[in-house]
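Take a look at the structure below.
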Amino acid sequence: MPALEQLSESPTEAEWTPFLNAVIDEFDSTTGTLHRLDPEDGHLKLVAQRGIPDVLMSIVQSIPIGKGIAGAAAERREPVELCNLQTDTSGVAKPGAKQTNVQGSLAVPVLDGDRLCGTLGVGKMVPYDFSDEEKDRLTSLATAIASRLLPA
Numbered sequence: 001m002p003a004l005e006q007l008s009e010s011p012t013e014a015e016w017t018p019f020l021n022a023v024i025d026e027f028d029s030t031t032g033t034l035h036r037l038d039p040e041d042g043h044l045k046l047v048a049q050r051g052i053p054d055v056l057m058s059i060v061q062s063i064p065i066g067k068g069i070a071g072a073a074a075e076r077r078e079p080v081e082l083c084n085l086q087t088d089t090s091g092v093a094k095p096g097a098k099q100t101n102v103q104g105s106l107a108v109p110v111l112d113g114d115r116l117c118g119t120l121g122v123g124k125m126v127p128y129d130f131s132d133e134e135k136d137r138l139t140s141l142a143t144a145i146a147s148r149l150l151p152a
């Protein structure tokens, strides 16, 4: 997985953006986020992003577990997919998320065994159903970075 080649064993904060960019490119996506779980307040804190509008940055900087697509993936500890975020009526996507213009989106939890470390997500500008193979691949990438994202 070329994205993993962007990271050292103990990545600096600066290494996460090239990693995320490689993930976004591998999934032929336009946007993406990587969040780390903050044990202090239990929120997901933004580590790296691409394609998130400035108007939403204050919202995506800190996401409560269970809120939005990333928060839902963290809470459920499984991939959360929306074929079209723009027309979603499930309540998973927060209203402001539509400002990204993203349609197909996928977020997965970053798990180190049973321990939640964060979330990893990608988004496309067209409606899209991610295949099981794509969900498995993004989940595998998330698992591979777990211990590096939130060291013990």
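In terms of our numbering, the sequence shown is residues 1 to 152. We treat Cβ as the ideally placed atom computed from N, Cα and C, and that holds for glycine. Fair warning: this is a prediction, and the values are worked out from it, not measured in the lab.
Do residue j and residue i come within 9 Å of each other at the CB atom, strictly closer than that value?
i: Gly118; j: Leu141; result: no
i: Ser105; j: Glu81; result: yes
i: Asn48; j: Thr12; result: Here residue 48 turns out to be Ala, not Asn, going by the sequence shown. Against a cut-off of 9 Å, the Cβ pair of Thr12 and Ala48 comes out as no contact.
i: Ala73; j: Val108; result: yes
i: Leu37; j: Leu46; result: no
i: Pro79; j: Thr139; result: yes
Give the secondary structure of residue i by DSSP, where H, G and I count as helix, E and B as strand, and everything else as coil.
i: Arg115; result: strand
i: Ser155; result: Residue 155 cannot be examined here, being either before or after the span of the chain that is shown, 1 to 152.
i: Asp28; result: coil
i: Gly104; result: coil
i: Leu56; result: helix
i: Leu20; result: helix
i: Leu37; result: strand
i: Ala152; result: Low confidence applies to Ala152: its pLDDT is 46, below 50, so where it sits in the model is not reliable, and the reading given next is rough at best. Coil at Ala152, not helix or strand.
I need the boundaries of the beta strand (DSSP E) containing residue i, first residue and last residue.
i: Ala48; result: 43-50
i: Glu81; result: 80-82
i: Ser62; result: 62-64
Over what stretch of residues does the alpha helix (DSSP H) that includes residue i continue unbroken?
i: Asp132; result: 132-149
i: Lys74; result: Reading off the sequence, residue 74 comes out as Ala, not Lys. It spans 68-76 - the alpha helix (DSSP H) in which Ala74 sits, taken as one unbroken run.
Pop quiz: residue i and residue j are said to be a contact at Cβ under 8 Å. What is the actual Cβ separation, rounded to whole angstroms?
i: Leu20; j: Arg50; result: 6 Å
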